[in-house]
Amino acid sequence: MCIQPDSLEDAYKIPRPVHREEFTQLSPSFFQTATFQLEKTNEKNNIEEPKKNKAFLNSKIIYKDLFEIRKLSNNFVNTSHPTCTETMNEQNEFSDEENFKFFGLGGCNEVGRSCHIIEYKNKVIMLDSGMHPALSGHASFPYFDEYDISKVDILLISHFHVDHSASLPYVMQQSNFRGKVFMTHATKAIYRWLMQDFVRVTSIGNSRSEDGGGGEGSNLYTDDDIMKSFDRIETIDYHSTMEIDGIRFTAYHAGHVLGACMYFIEIGGLKVLFTGDYSREENRHLHAAEVPPLKPDILISESTFGTGTLEPRIELERKLTTHIHATIAKGGRVLLPVFALGNAQELLLILDEYWSQNEDLQNVNVFYASNLAKKCMAVYETYTGIMNDKIRLSSASSEKSNPFDFKYIKSIKDLSKFQDMGPSVVVATPGMLQAGVSRQLLEKWAPDGKNLVILTGYSVEGTMAKELLKEPTMIQSATNPDMTIPRRIGIEEISFAAHVDFQQNSEFIEKVSPSKVILVHGDSVPMGRLKSALLSKYASRKGTDQEVKVYNPKNCEELIIGFKGLKIAKVLGSLAEEQLQVLKKIIQDEVSAENSKITELTEEKEEADEIKEDNGETDTTQKPNESSINVLKTGQVVSGVLVSKDFNLNLLQLQDLHEFTQLSTSIVKSKMHLKINADISLMVWHLEQMFGYINVINDDDEEWECVIMDVVDVFIDRSKGPGLFITVEWINDNLMADSLADSVIAILYSIDSSPASVKLSSQNHNHGDNHIVKKEDSMEIDRPVEAHAKTDIKSRIERIALLLKAQFGDSLKELPEEKAIIQIGKTVANVDYKRLEVECSSKVLKDRVENVIKRGCQLTAPLSQNPKIA
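Okay, here's the thing in structure tokens:
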């Protein structure tokens, strides 16, 4: 739920600078909403002069804290927004670390300045960094000051278009961004030329503005910023996976333009697929967008055309060439405004092929007027290897070394030298007709009704291209806003925009099968329709595990989705070797049991087949699948050191820590030195009374050593004269070790004064009287009672055998060499007491016998001793 501030003053607690361009972008409904909210707040606080407050709003607040008012307006309008309510409900179920956060700085409910923030487990990724083509200056930037960019770890650029990459030099050189930037090789190759051309064009545009040039747009960033940012950009190959500080991402073909890619991102078990701009239809030089092999949890998808349907590409090419041919036939000129890269190359391939097939057109000139396109044509010629099969084969053929070496198309270096005589076709930039060659030719050719302008790309709201679709009678001059030009030129829209329509987008979503879909890069109306259509499509899944939720957040609106990933630890090193042997044995037993079962089923089936054959019946049942062997959970408890790095969990033993993690290890040990007046046998007796079993690992003339419960070491130096010089040593890694060491030390200190020690060390005495001596010799000294039963191997085996006898009765038969058999019906289990192994064809009987033996080992061994016999 979106919460309203109690007062306007609460909404304006943090003053922040704004740019005047932002003021011009507010719609009239904003002022009505903000004013209405002010009046509503005044009513709540019993303020009687709303008119005065309206004046205060218009005169002071707008220029002081415009962003905060906008935020207030958005919250008020969307108080019942389902996305907000749903988001808050999900957030309450998970801790903050388990929340996936999406924050749109641009490109949300709009086309332009794409820039999105995703955050999970304290890792932050920025997706694209574009500018709005319909705006200028700082107003065209994403809302960078709404988010702390210094938190961003990685910035991923999907492709080189201005609305996805043009603010990158500013972010890298003029903000506090310190992360890494990645894009494909082809995108980086074009990025440099594109940004330099962008700086040149915006500088020219500002020099012609009313304020006399040198405007704000020319200071967004410089050529030096571009070159410095270029050097810092890292590249990624298609289908290669990179990992940076726990963030894994893989690039896949997206179609759209050369070098465009999707990013499949993995953070702490969460999988996110960001499509960028993508096309599922292969064109004349690019692959169609790929479907990643893994299923994402969250899909961030473009929604440019909403629920619209695009015509097949063959039909679009037919319409394009038909209109061009007809216009030339009547002596007209054709203007094709295009983006310098991507759309332009596609159209040039179409025109060059069409001209080669129509001799009557070969005397008509086809030009492309874009210095940038000419510079970047070398990039297209270089990267034919990542294009579709048709281009690669054409490039490899001997007849034509490169498909972009056009035969019928010429370039225009300088429009002033362009001889505009007779019919012609000009492919010119920019595609939105905001300025440049395409705008100059439009204004020049607009008064002539024989001419034609064909809009071949997506037209953003607020641009001349979008205005032409309304078929105005007059158009405004770009160089002189006071001058208007009559518009008689024909207008056609044949969209070659390499985006997905509803059917393609819907099919792609179905194939990748995400549980959450976030829609971006689309105007609010078509995006809203797409959201409704997707929710309707997946309505039957609502409330189930396959439910698909769809979100369409606005700019600067945080979306929070709870996600709890599965944590899996890898066992490495010597610990893995130990467990591998256990697993191998379990798997072998499973295979043996499964094979035995298959044999039994086969025999039963053969008998049934014989009966059916006798009765003339046909068997239609399926044969048992011998390969379908399931490995059950072992139930083995594995203990070691758990190392967490970049969301990867590794379990290993302490001695393997340095080899597998490069971590330096230090062991903190405690030592206690003491002396007692007793012999070793007496000390051992006391320790065994407490712990039942001690493991003597060294017993020679110089020293004696034992280990108690694999934790405390006891050393005795026999070379130091009478008495026992004892050293007790243990590792300070947990409370149990300290407690156990305290117990050992307390026992050792009490040996001298213990009554049990007196009894054990007492001897008969001879006082000289023979009758007394005989009497004393005949007396037995009472020795202390043993605290534990015998723990030698033979005694333990005897007790385990008794336990099996109690369980299986007469079915158990003892054999020599500490072995036994258990026979129940025709099933026989062979038991080896020393090796603690059971061999049996029946898994049920084998498991039962093993459980009894395992329990017997635990019962007959003290806590300080390994339950195993050998």
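Note that the UniProt record's numbering has the sequence shown beginning at 1, numbered continuously upward.
We treat Cβ as the ideally placed atom computed from N, Cα and C, and that holds for glycine.
Tell me whether R232 is buried or exposed, calling it buried when 16 or more other Cβ atoms sit within 10 Å of its Cβ.
It counts as exposed.
Classify L270: buried if its beta carbon has 16 or more other beta carbons within 10 angstroms, exposed otherwise.
Burial is judged here by how many other beta carbons sit within 10 angstroms of a residue's own beta carbon; L270 has at least 16 and is buried.
Please report the residue range of the alpha helix (DSSP H) in which R392 lies.
DSSP places R392 inside the alpha helix (DSSP H), whose first and last residues are 389-396.
If we ignore side chains and look at the alpha-carbon of each, how far apart do L642 and V728 end up?
Cα atoms of L642 and V728: separation of roughly 28 Å, rounded to the nearest angstrom.
If you measure between the beta carbons of L156 and Y252, is that distance less than 8 Å?
Not in contact: L156 and Y252 (Cβ atoms no closer than 8 Å).
Tell me which same chain residues have a C-beta within less than 6 Å of the C-beta of F36, skipping the five on either side of it?
Interpretation of F36 is limited by its pLDDT of 36, a score under 50 that renders its predicted location unreliable; the figure taken from the coordinates is listed afterwards. Around F36: no qualifying Cβ.
Using a Cβ-Cβ cutoff of less than 6 Å, which residues in the same chain neighbour R488 once the five nearest sequence positions on both sides are dropped?
Taking C-beta separations shorter than 6 Å and ignoring five residues to either side along the sequence, the partners of R488 in its chain run P447, G449, following chain order.
Please report the Cβ distance between G259 and A186, rounded to the nearest whole angstrom; I am assuming they are in contact, meaning their Cβ atoms lie under 8 Å.
Their Cβ separation, rounded to whole angstroms, is 3 Å, which keeps G259 and A186 in contact under 8 Å.
Please classify K846: is it buried, with 16 or more other beta-carbons within 10 angstroms of its beta-carbon, or exposed?
The Cβ neighbour count for K846, taken over all protein chains shown within 10 Å, is at least 16; the residue is labelled buried.
Distance between L657 and L651 (C-alpha atoms, nearest Å):
C-alpha separation (whole angstroms): 9 Å.
Quick check: the region 508-528 against the region 100-115, are there 3 or more CB pairs under 8 Å?
Result yes; three or more Cβ-Cβ pairs closer than 8 Å.
Does the beta-carbon of N648 have 16 or more other beta-carbons within 10 angstroms, so that it is buried, or is it exposed?
By the 10 Å Cβ count, N648 comes out exposed.
Measure the alpha-carbon distance for D420 versus A369 and round it to whole angstroms.
Near 13 Å, if we compare the C-alpha coordinates of A369 and D420.
Report buried or exposed for E547, applying the criterion of at least 16 other Cβ atoms within 10 angstroms of its Cβ.
With fewer than 16 other Cβ atoms inside 10 Å of its own Cβ, E547 counts as exposed.
What number of angstroms, rounded off, separates the C-alpha of L361 from the C-alpha of N555?
Spanning the alpha carbons of L361 and N555 requires a straight line of approximately 49 Å.
Would you call the region 281-293 and the region 521-530 in contact, with 3 or more CB pairs under 8 Å?
No: fewer than three Cβ pairs fall under 8 Å.
DSSP on C376, reduced to helix/strand/coil?
Residue state, collapsed to three classes: helix.
Neighbourhood of N283 by C-beta, 6 Å cutoff - its chain only, sequence neighbours within 5 removed
Result list for N283: E346, in chain order.
Taking the beta carbon of E302 as the centre, do at least 16 other beta carbons fall within 10 Å, making it buried, or is it exposed?
Here E302 is buried, its C-beta having at least 16 other C-beta atoms within 10 Å.
Is I238 helix, strand or coil by DSSP?
For the sequence presented, residue 238 should be read as Tyr rather than Ile. DSSP places Y238 within a strand segment (E or B) once states are collapsed to three.
Suppose the cutoff is 7 Å on Cβ atoms and the five residues either side in sequence are ignored; what does the same chain contact list for D223 look like?
Once the five neighbours on either side are set aside, the close Cβ partners of D223 are Q196, V199.
How big is the Cα-Cα spacing for L580 and V111?
Those two C-alpha atoms are separated by around 55 Å.
Counting beta carbon pairs with one atom in the region 122-139 and one in the region 167-184, are three or more of them shorter than 8 Å?
Cβ pair count under 8 Å is three or more, so yes.
Ignore the nearest five residues each way along the sequence and tell me which others in K570's own chain have a CB closer than 6 Å to its CB.
Within the same chain, K570 has close Cβ partners N650.
Flag this pair as yes or no: are the beta carbons of E814 and A806 separated by less than 8 Å?
With contacts defined by Cβ atoms closer than 8 Å, E814 and A806 do not form a contacting pair.
Tell me whether R178 is buried or exposed, calling it buried when 16 or more other Cβ atoms sit within 10 Å of its Cβ.
Exposed is the call here.
Beta carbon of C115, beta carbon of P133: below 8 Å?
No, Cβ-Cβ distance for C115 and P133 is not below 8 Å.
Drop a sphere of 10 angstroms on the beta-carbon of V712, count the other beta-carbons inside from all chains shown, and report buried for 16 or more, exposed for fewer.
Its Cβ being crowded by 16 or more others within 10 Å, V712 is buried.
Specify, as a first and last residue, the run of the alpha helix (DSSP H) that P526 falls within.
Per DSSP, P526 belongs to the alpha helix (DSSP H) from 524-537.
Can you pull the DSSP bridge partners for E703?
Beta-bridge pairing links E703 to D717.
Would you kindly work out how many angstroms separate the C-alpha atoms of K151 and I118, rounded to a whole number?
So the two alpha carbons sit approximately 11 Å from each other.
Would you mind working out which of Y380, L572, L433, I821 sits nearest E461, comparing C-alpha positions?
When each option's Cα is compared against that of E461, the closest is L433.
Please work out which residues of its chain come closer than 8 Å, Cβ to Cβ, to Y238, disregarding the five sequence neighbours upstream and downstream, and give them in chain order.
Same-chain partners within the cutoff: T184, A251, Y252, H253, C261, I386.
Span of the alpha helix (DSSP H), counted from its first residue to its last, around F230
Judged by DSSP secondary structure, F230 falls within the alpha helix (DSSP H) whose first and last residues are 223-232.
Close Cβ partners of N358 (< 8 Å) along its chain, the five nearest in sequence each way excluded
Shown here for N358: same chain residues with a beta carbon closer than 8 Å to its own, the five before and five after excluded, namely H325 in chain order.
When burial is assigned at 16 or more other CB atoms within 10 Å of the CB, is Q504 buried or exposed?
Q504 should be labelled buried.
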